[in-house]
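Numbers 1150 to 1367, taken from the numbering used here, label the letters of the sequence shown in order. Think of the CB as a built atom: it goes at the ideal place given N, C-alpha and C, for glycine as much as any other residue. If you're wondering where the values come from, they're calculated on a predicted model, not measured in any experiment.
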Amino acid sequence: HCGQQHRSTTGDRALSCLVHPLCCVSFSPSDACELELDTNTVSRNLKLSDNNRKVTWGEELQSYPDHPDRFDNWCTQLLCRTGLTGRCYWEVEWRGEVYVSVSYRGIRRRGGGECWFGFNDQSWSLICSDEGYSVSHNNIRTEISSSSSSSSSSSSSSVSNRVAVYVDCPAGSLSFYRVSSDTLIHLHTFNTTFTEPLYPGFGFWSRGSSVSLCGLSV
């Protein structure tokens, strides 16, 4: 469970990232931000729990009210409430197969695959599963090699159930990391120009998958 027991390690973890040879950006623990899920965007396939800090693709449809921002049942996704324009760092724990993403607000909320995070020019995704990681933007998916996703220790698994995201909107960089103990292992960085605020979001590819927001100290 991601919670208070991890809060005191944020500074050490960020420092580990600064000296890690696979890390391609530097950042301060003060960049840690607290995400809040936008309940008006949650697909009815998704169940909220843990004071709206955990999302699970459950067995039953939820009775959320109609809202123009809500993703339909085809797009099992949600966005966070606040758009980002500066620098921000966050961590999540995941199970199953999930899309850890950022998106412009104008992404489509219903229809076919064009509303999925990473399958349009409005969003960027890290796709996490027990088989490994990949990234996707504008319907171009790139597998992350096991050498990139594994640490220098041969005993370390190449997949962990906690990942971190760091976005520097003015610099146009979006980086994803695997969290292993108190070390960040760089997975991928998108370098682009962000023209609008970015909204963190999460997508779910298989029933039973879940994402939990992790609390961080600053």
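Boundaries of the beta strand (DSSP E) harbouring A1313: 1311-1317, taken from the DSSP string.
Taking a contact to require three or more Cβ pairs closer than 8 Å, the segment 1348-1359 and the segment 1224-1231 qualify as touching. The C-beta of I1334 has 16 or more other C-beta atoms within 10 Å across all chains shown, which makes the residue buried.
In this structure, N1269 is the residue among G1245, Y1326, N1269, Y1248 with its C-alpha nearest to the C-alpha of I1256. In the three-state reduction of the DSSP assignment, S1179 falls in the helix class. Between V1249 and S1274, the CB-CB gap stays under 8 Å. Less than 8 Å separates the beta-carbon of G1235 from that of C1318. A residue is called buried when at least 16 other Cβ atoms come within 10 angstroms of its Cβ; R1219 meets this threshold and is buried.
Counted as a single uninterrupted DSSP element, the beta strand (DSSP E) harbouring S1324 occupies residues 1322-1329. The continuous beta strand (DSSP E) containing R1236 extends over residues 1236-1244.
Burial state of Q1271 is buried, judged by a 10 Å Cβ sphere holding 16 or more other Cβ atoms.
Residue state for C1224 is assigned as coil, using DSSP reduced to three classes. Check the Cα spacing between G1364 and each of S1192, L1197, K1203, T1190: the tightest is with K1203. Nearest Cα to A1313 within the set F1353, S1355, G1357, I1276: I1276. Approximately 12 Å separates the beta-carbon atoms of S1361 and G1245; this is outside 8 Å, ruling out the contact. DSSP, reduced to helix, strand and coil, places E1345 outside both helices and strands of the structure shown, so it counts as coil. Spatial neighbours of R1290 in its own chain (CB-CB distance under 8 Å, excluding positions within 5 residues in sequence) are listed in chain order as G1267, I1276, S1283, V1284.
In this model, L1336 and Q1211 are separated by some 34 Å (Cα to Cα). Taking a 10 Å sphere around the C-beta of N1287, we find fewer than 16 other C-beta atoms and assign the residue as exposed. For the set W1265, E1209, C1237, N1200, the Cα lying nearest the Cα of L1227 is the one of W1265. In the three-state DSSP reduction, C1264 falls in the helix class (H, G or I).
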